[in-house]
Each structure stands twice: as structure tokens, then as C-alpha cells.
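For the sequence shown, the residue numbers in the working numbering are 163 to 420.
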Amino acid sequence: MIPPIGQAGNLAERFRGRPPENVLAWVLSEYHPRIALASSFSREDIVLIAMMTDIRADARVFALDTGRLNEETYEAAEAVRRNLGVSIEWHFPDREAVEQLERTKGLHSFRESLENRHECCRIRKVEPLARALSGLRAWVTGQRKDQSITRAALPVFEIDGAHGGILKINPLADWSDEQVRSFVRERGLPYNRLHDMGYPSIGCAPCTRSILHGEDPRAGRWWWERPEHKECGLHQSSHGADRKEPPVPPLGRKKRDR
């Protein structure tokens with residue numbers, strides 16, 4: 163029996179310098195149907211949807227409807243569904259939790275303190291994400307290193323300790339913004355119109371603004387907070403952490419039924 167690869171870092175080394183399509187082909191062959199892409203319908207996510215559906219027409223994609231998305235994001239989701247033929251699995255926050263939050267703290271409590279903002283993100287994003295990931299063995303994101311200081315050390319493969327130690331894959335970690343834009347142009351892919359309005363990062367409408375020339379790509383997210391706080395809890399970094407990692411299937415092994 164071939165011993166399993168127990169470190170995400172080993173996978174990163176084996177795939178070093180290889181294109182995202184190679185990474186996706188391998189993880190889909192190993193983990194489908196228990197792998198899915200989390201999409202906010204940014205350019206990066208739409209690039210990955212195109213790559214994944216090129217490999218498997220039934221590749222899984224899910225999205226979180228926080229109840230506060232821009233109309234342009236819903237339009238992008240529908241364009242992706244129609245043009246790429248993908249079925250989007252929507253997940254929603256618990257209605258009672260949202261109602262309780264808004265009754266007790268109002269509609270904009272997230273601007274009053276970091277703690278309140280984290281509470282809103284937990285209810286609208288983090289808990290629905292946990293439900294979306296339940297039963298999965300791996301998930302894919304559109305994160306890139308150059309998006310913010312909080313992602314500068316982002317690996318292609320990492321272990322998601324916040325969600326049961328499943329494998330988390332960031333195929334575009336080393337891509338530049340121009341590479342993403344070029345792929346969209348060359349493939350004629352639909353994209354979120356917010357990008358044309360100065361929004362490089364896509365989030366909830368009340369918490370996202372357009373950015374000025376030269377600003378960090380995520381400067382428009384929670385713009386009233388310090389840069390190191392600009393994450394919502396969906397992506398809890400594990401790179402560099404001393405974590406016990408679950409076995410990851412070795413390259414070249416025949417896929418088993420799951």
C-alpha cells in the first residue's frame with residue numbers, strides 16, 4: 163500500500179509551477195463529488211468555474227446569499243448559470259438569527275465595533291459556510307496572494323482546521339490580477355459589473371465600496387477598519403500553523419468510490 167501524503171505542503175511542492183487547470187484536474191479526480199468551489203462571483207471565481215466545468219460538467223459550485231448582496235452580483239450569478247451551464251448551490255443565513263440581530267442591534271451594527279462586525283459576518287457568512295462545507299472533503303477558493311496583506315503567504319494547498327481539517331485549494335494563489343483579467347477576456351466569460359465600477363473585491367453591499375487608484379484591492383472591504391482586520395472569518399489562515407493534517411491521497415492513485 164502506498165503511504166499517504168500527510169502534508170498539504172507536499173502537495174504544494176509536487177504542483178509547484180504547474181497551472182491551475184492541473185491542480186483542479188487532480189483534486190476533482192480525487193474528491194468529486196465531495197469537493198466544491200465557494201463563489202462570490204468575482205472574476206477569480208468565474209475563472210475557476212470555467213476551468214472546473216471544462217474538466218467536469220457536473221463540478222459543484224456553491225454561494226452564500228447573505229441577504230445583502232449587490233444586484234450586480236445576482237446578475238453575474240445568473241449569467242454564469244446560463245453561459246457555463248453550472249448549477250449553483252445557494253446557502254442562506256438562519257432567518258431567526260438575522261431577525262434577532264437586527265431587532266436588538268439595528269441594521270448597521272457592524273459599523274459600531276469590530277466585535278459587532280464579526281457577529282454579523284458569523285451569522286450571515288460563517289455559519290452558512292459551515293453548512294455548505296458539511297460532508298465535503300475539500301473546497302476550492304479564488305483567493306490570490308496579492309489581494310491583501312492578510313493573504314500574502316497564501317499557499318495553493320492548505321488544511322482547513324476550522325472545518326474539520328478538510329483540504330482547501332487556492333489554485334490562483336500565484337496569479338496576478340492581469341492574468342485573471344486576460345483569462346476572462348480570452349474566454350469571453352461573463353463577469354460581475356461591479357468590477358467596472360471600481361470594485362476589485364466583491365462582498366455585501368453595505369460593507370464594500372469602490373477603491374481609488376493605487377489602493378489595496380481589498381481597501382473597499384470594511385473600509386473603516388485596519389487592513390489586518392479585513393477578513394470575515396470565511397478564510398481562517400492555517401499556513402505556517404503547526405497543525406495535524408489528515409491524509410491526502412497520493413498522486414496517481416486510482417480514485418475510490420466515496
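Quick reminder that beta carbons are idealized off the backbone N, C-alpha and C, glycines included.
TODO: Between the Cα of Arg-230 and those of Lys-287, Glu-240 and Gln-341, spot the shortest distance and give me the residue it belongs to.
DONE: As a working note, residue 230 is residue 68 in the sequence shown. For Arg-230, the nearest C-alpha among the options comes from Lys-287.
Task: Cβ-based burial, Thr-266 [other Cβ within 10 Å; buried from 16] - done: Residue 266 sits at position 104 when you count from the first residue of the sequence shown. Thr-266 should be labelled exposed.
- [ ] Using the Cα positions of Leu-334 and Arg-313, report the straight-line distance between them to the nearest angstrom.
- [x] Reading the sequence shown from its first residue, position 172 is the one you call residue 334. Reading the sequence shown from its first residue, position 151 is the one you call residue 313. Looking at the two C-alpha atoms, the distance is approximately 12 Å.
Task: Buried versus exposed, by CB contacts within 10 Å (16 or more), Gly-179 - done: Position 17 of the sequence shown, counted from the start, is the residue given in the question as residue 179. Counting Cβ neighbours within 10 Å, Gly-179 comes out exposed, since fewer than 16 surround it.
TODO: State buried or exposed for Gly-304, treating a residue as buried only when at least 16 other CB atoms are found within 10 Å of its CB.
DONE: Residue numbering aside, residue 304 sits at position 142 when the sequence shown is read from its first letter. Buried: at least 16 other Cβ atoms inside 10 Å.
Task: Beta-carbon contacts of Pro-290 that lie in its chain and below 7 Å, excluding the five residues immediately before and after - done: Residue numbering aside, residue 290 sits at position 128 when the sequence shown is read from its first letter. Here Pro-290 has Leu-226, His-253, Phe-254 and Pro-255 as same chain residues with Cβ atoms under 7 Å from its own Cβ, once five neighbours each way along the sequence are excluded.
Task: For Ile-167, the three-state DSSP class (helix, strand or coil) - done: Residue mapping note: residue 167 aligns to position 5 of the sequence shown, counting from 1. Residue placement at Ile-167 cannot be trusted, given a pLDDT of 40 that sits under 50; what the coordinates show is reported in the next sentence. Strand at Ile-167.
Open item on the list: For the structure I just gave you, are there three or more beta carbon pairs, one from the region 319 to 334 and one from the region 178 to 198, closer than 8 Å?
Closed with: yes
- [ ] Between the Cα of Leu-432 and those of Glu-251, Val-260 and Arg-388, spot the shortest distance and give me the residue it belongs to.
- [x] Given that the chain is displayed from residue 163 to residue 420, the structure contains no residue 432 and the question cannot be resolved.
Open item on the list: At the level of alpha carbons, what is the spacing between Ala-403 and Ile-311?
Closed with: Taking the first residue of the sequence shown as position 1, residue 403 is located at position 241. Taking the first residue of the sequence shown as position 1, residue 311 is located at position 149. Any reading at Ala-403 must be qualified, since the residue scores a pLDDT of 38, below 50, and its modelled position is unreliable; the value itself is stated next. When rounded, the distance between both Cα atoms is 17 Å.
Task: Run of the alpha helix (DSSP H) containing Ile-211, from where it starts to where it stops - done: Looking up residue 211 in the sequence shown gives position 49. For Ile-211, the uninterrupted alpha helix (DSSP H) segment begins and ends at 205 to 217.
Task: Through-space distance from Glu-264 to Val-410, alpha-carbon basis - done: As a first step, residue 410 must be located in the sequence shown, where it is residue number 248. As a first step, residue 264 must be located in the sequence shown, where it is residue number 102. Because the pLDDT at Val-410 is just 49, under 50, the model does not fix this residue reliably, and the value given afterwards should be weighed accordingly. About 42 Å.
Open item on the list: Assuming contact is defined by CB atoms lying nearer than 8 Å, are Thr-371 and Trp-386 in contact in what I supplied?
Closed with: As a working note, residue 371 is residue 209 in the sequence shown. As a working note, residue 386 is residue 224 in the sequence shown. Looking at the sequence provided, one finds Arg at residue 371 rather than Thr. For Arg-371 and Trp-386, no; Cβs fall outside 8 Å.
Open item on the list: Please state the DSSP three-state secondary structure of Arg-243.
Closed with: Here residue 243 refers to the residue found at position 81 of the sequence shown. Of the three classes helix, strand and coil, the one that applies to Arg-243 here is helix, per DSSP.
Open item on the list: Measuring only the C-alpha atoms, how far is Leu-316 from Lys-307?
Closed with: Within the sequence shown, residue 316 is the residue found at index 154, counting from 1. Within the sequence shown, residue 307 is the residue found at index 145, counting from 1. Spanning the two alpha carbons is a distance of roughly 5 Å.
Task: Rounded C-alpha distance that separates Ala-200 from Tyr-193 - done: Position 38 of the sequence shown, counted from the start, is the residue given in the question as residue 200. Position 31 of the sequence shown, counted from the start, is the residue given in the question as residue 193. Near 15 Å, if we compare the C-alpha coordinates of Tyr-193 and Ala-200.
Open item on the list: For a test of the three-state rule: what should DSSP assign to Leu-231, helix, strand or coil?
Closed with: Locating residue 231 in the sequence shown gives position 69, where the first residue counts as 1. Leu-231 falls in the strand class under three-state DSSP.
Task: Identity of the residues DSSP links to Asp-322 by a beta bridge - done: Walking along the sequence shown from the start, residue 322 turns up at place 160. For Asp-322, which the question treats as bridged, DSSP gives the partners Ile-328.
Open item on the list: Give the list of continuous beta strand (DSSP E) stretches no shorter than 3 residues that lie fully inside the region 285 to 325.
Closed with: 300 to 302 and 319 to 322
TODO: Rank Ala-367, Asn-232, Asn-245 and Ser-202 by C-alpha distance to the C-alpha of Ala-219 and give the top, closest one.
DONE: Here residue 219 corresponds to residue number 57 of the sequence shown, with the count starting at 1. Per the Cα distances, Asn-245.
Open item on the list: Using the three-state DSSP reduction, which class does Lys-406 fall into: helix, strand or coil?
Closed with: As a position in the sequence shown, residue 406 is number 244, starting the count at 1. Interpretation of Lys-406 is limited by its pLDDT of 42, a score under 50 that renders its predicted location unreliable; no figure is taken from the coordinates.
TODO: Under 6 Å Cβ to Cβ from Arg-383, same chain only, skipping five residues before and after it: list those, please.
DONE: Reading the sequence shown from its first residue, position 221 is the one you call residue 383. Correct list, in chain order: Ser-363, Gly-365, Thr-370 and Lys-392.
Open item on the list: Applying the 10 Å Cβ sphere with the 16-neighbour rule, what's the burial state of Gln-262?
Closed with: Locating residue 262 in the sequence shown gives position 100, counting from the first residue. It is exposed - the Cβ of Gln-262 has fewer than 16 other Cβ atoms within 10 Å.
- [ ] Assign Asp-322 to one of two classes, buried (16 or more other C-beta atoms within 10 Å of its C-beta) or exposed (fewer than that).
- [x] Here residue 322 refers to the residue found at position 160 when the sequence shown is read from its first residue. Label assigned to Asp-322: buried.
Open item on the list: Rounding to the nearest angstrom, what Cα-Cα distance links Glu-237 and Val-302 in this structure?
Closed with: Against the sequence shown, residue 237 aligns to sequence position 75. Against the sequence shown, residue 302 aligns to sequence position 140. In a straight line, the C-alpha of Glu-237 is about 22 Å away from that of Val-302.
TODO: Go ahead and pull the three-state DSSP assignment for Val-342.
DONE: Working through the sequence shown from its first residue, we reach residue 342 at position 180. Note: Val-342 maps to helix in three-state DSSP.
Open item on the list: On the CB-based measure, 16 or more other CB atoms within 10 Å of its CB, does Met-214 come out buried or exposed?
Closed with: For the purposes of this step, residue 214 is taken as residue 52 along the sequence shown, with counting starting at 1. By the neighbour-count rule (16 or more Cβ atoms within 10 Å), Met-214 is buried.
Task: Residues near Arg-299 in its chain [Cβ-Cβ closer than 8 Å; skip 5 each side] - done: As a first step, residue 299 is located in the sequence shown; it is residue number 137 there, counting from the start. Counting only Cβ-Cβ distances below 8 Å, and skipping sequence neighbours, we find Tyr-193, Arg-196, Ile-197, Ile-328, Leu-329 and Arg-420.
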